[in-house]
Every structure is written in C-alpha cells, then in structure tokens.
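To start, the structure under review is shown below, and the notes come after it.
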Amino acid sequence: MKIRLVQSGGLLGIVKACEIDSSALGAEAAEELERLVRGSGISSSGEHLSESARDLYHYEITIEDESRTLSVVFDDASLPPAARPMIGYLKRLARPEPPG
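If you use UniProt numbering, the sequence shown corresponds to residues 1 to 100, in order.
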C-alpha cells in the first residue's frame with residue numbers, strides 16, 4: 001500500500017507532503033498504517049471542500065493498493081472525524097515541498 005499526502009493552504013500557503021510505501025516499513029509500522037487507512041472510512045475518490053474554506057488547510061490524499069487507487073481532497077472543515085488520526089499520522093511525516 002502506498003499513501004501520499006499533500007497539505008496546502010492555511011494562512012501562509014505552505015505546501016507539505018509525504019509519501020509512504022508500507023512495503024518499506026517494518027511489520028508493526030505497516031500494520032499501524034493499514035489500520036489507520038481502514039479506520040479512516042475513505043472508500044471512494046472525490047473532492048469534499050466546504051465553501052467557507054478560504055484559509056483552511058486542504059489535504060490531497062492518494063491511497064494505492066494492489067486492487068485500486070483512491071484520490072480524495074478534504075479541507076479542515078470537511079475532513080471526516082474518522083480520518084483525522086490518519087491525517088495526524090501523515091502530517092507528522094510531511095515535509096515542506098520546494099517552491100515551483
């Protein structure tokens with residue numbers, strides 16, 4: 001399973017990203033990541049942005065496994081509560097992207 005997070009927006013507009021391949025992780029870390037993904041409730045692609053999300057963070061999430069690829073976009077207001085632990089995990093790993 002591969003997961004990519006791109007976090008953008010906010011007041012400063014800084015873009016941060018991370019990409020994780022569970023096959024490159026130890027068994028325990030891979031299991032935790034897969035548990036967070038399953039628990040997120042994300043099951044289909046789509047864009048879910050609230051109309052008043054001007055200064056909120058946006059999260060572009062791509063989840064790829066052997067059977068499919070899902071791509072979703074949320075903002076802080078539309079992010080489902082079940083997905084918050086996964087986003088928190090990924091945000092801790094995210095690093096600023098070079099401008100351009």
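Beta carbons are placed, not taken as given, at the ideal position from N, Cα and C, and that holds for glycine.
Query raised in the report: Secondary structure at L49, three-state DSSP: helix, strand or coil?
Result: Looking up residue 49 in the sequence shown gives position 49. Here L49 sits in coil by DSSP.
Requested in this report: Check whether the Cβ atoms of G46 and A83 sit closer than 8 Å, and answer yes or no.
Outcome: On the sequence shown, position 46 is the one that residue 46 refers to. On the sequence shown, position 83 is the one that residue 83 refers to. No. Outside cutoff.
Query raised in the report: Tell me which same chain residues have a C-beta within less than 6 Å of the C-beta of I3, skipping the five on either side of it?
Result: Reading the sequence shown from its first residue, position 3 is the one you call residue 3. So the qualifying residues of the chain are I20 and I63.
Query - E60: CB within 7 Å of a non-hydrogen atom of the ligand PLP - result: This structure lacks the ligand PLP, and indeed carries no ligand of any kind.
Query raised in the report: Run through DSSP, which three-state label would L20 get?
Result: Stepping through the sequence shown from its first residue, residue 20 is reached at position 20. Looking at the sequence itself, residue 20 is Ile, so the reference to Leu does not match. If DSSP states are grouped into helix, strand and coil, I20 belongs with the strands.
Query raised in the report: How would you label D65, buried or exposed, when you count the other beta carbons within 10 angstroms and need 16 or more for buried?
Result: Here residue 65 corresponds to residue number 65 of the sequence shown, with the count starting at 1. The residue in question, D65, is exposed, as its Cβ has fewer than 16 Cβ neighbours within 10 Å.
Query raised in the report: What is the DSSP secondary structure of V15, counted as helix, strand or coil?
Result: As a working mapping, residue 15 is identified with position 15 in the sequence shown. Coil at V15, not helix or strand.
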